[in-house]
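Note sheet for the following structure.
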Amino acid sequence: MRRTLKALILIAAVGCVAAPVSARAEGYVSPWAGIAFGSSADNSQGTFGVDAGGMGAGIIGGEVDFGYSPSFFGTTSDFGHNTVLDLMGNVIVGVPIGGTRGAGVRPYVTGGLGLLRTQIDGGTLFNVSSSNNMFGWNLGAGVMGYFADHFGLRGDIRYLRGFKDLNTGATNFSFNNNQLHFWRASIGVVFR
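Below is the structure:
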């Protein structure tokens, strides 16, 4: 599993570097903050991360999504240090309304595959210690609104889900459907 994951990450990295890029490509970086909800753990928690990508002088492009959710499964007193991390490679499709320079709006849909990592390190209520690396997928939609050539805001909602059952190693703690899944709503700035 680890070799396969490393191979997929390497292939994606080589593909991003080797892919031809149009001279009119629109690259962007978007740090964001949000909330994860509707999860297997029935817990709403804060989350933050960054998206970086590019739109190739049209409506289709690619992006890398990184998200980090501290205390995802519950409080540190109940679960100890616990987190969920996602790293996804996505295709993004969005139509620029108002052009790709100056003020404008770009509604989009995005989806892709990548890594979901969970970490739980003890706690008083649930004495669980586990970490899981699994393949996952995400699908979402949002809008980027630009005030000028290089600055704007981005709002996004995504559904993330693992492909395999989540194993915590504890009999007193399990997930609904045994798969990690949750929604994430976020807002952030976007620099292009």
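In our numbering, the protein residues as written are 710 to 901. In this text, a Cβ means the ideal position worked out from N, Cα and C, and glycines have one as well.
Within the same chain, 818 come within 6 angstroms of residue 850 by CB-CB distance, once the 5 residues on both sides are set aside.
Straight across, the Cα-Cα distance linking residue 778 with residue 798 is about 18 angstroms. Looking at the DSSP output, residue 893 sits in a beta bridge with 745 and 867. As computed with DSSP, residue 761 is found in a beta bridge with 738 and 773. When the five nearest sequence neighbours on each side are left out, the beta carbons in the same chain lying within less than 7 angstroms of the beta carbon of residue 887 are those of 874 and 875, in order along the chain. Its Cα nearest to that of residue 865, the residue 756 stands out among 748, 781, 780 and 756. With fewer than 16 other Cβ atoms inside 10 Å of its own Cβ, residue 858 counts as exposed. Distance check between residue 765 and each of 801, 900 and 896 places 801 closest, using alpha-carbon atoms only. Listed as beta-bridge partners of residue 805 by DSSP are no residues whatsoever. Within its own chain, the residues whose Cβ lies closer than 6 angstroms to the Cβ of residue 842, once the five positions on either side in sequence are excluded, are 826, listed in chain order. The C-alpha of residue 745 is placed about 12 angstroms away from the C-alpha of residue 792.
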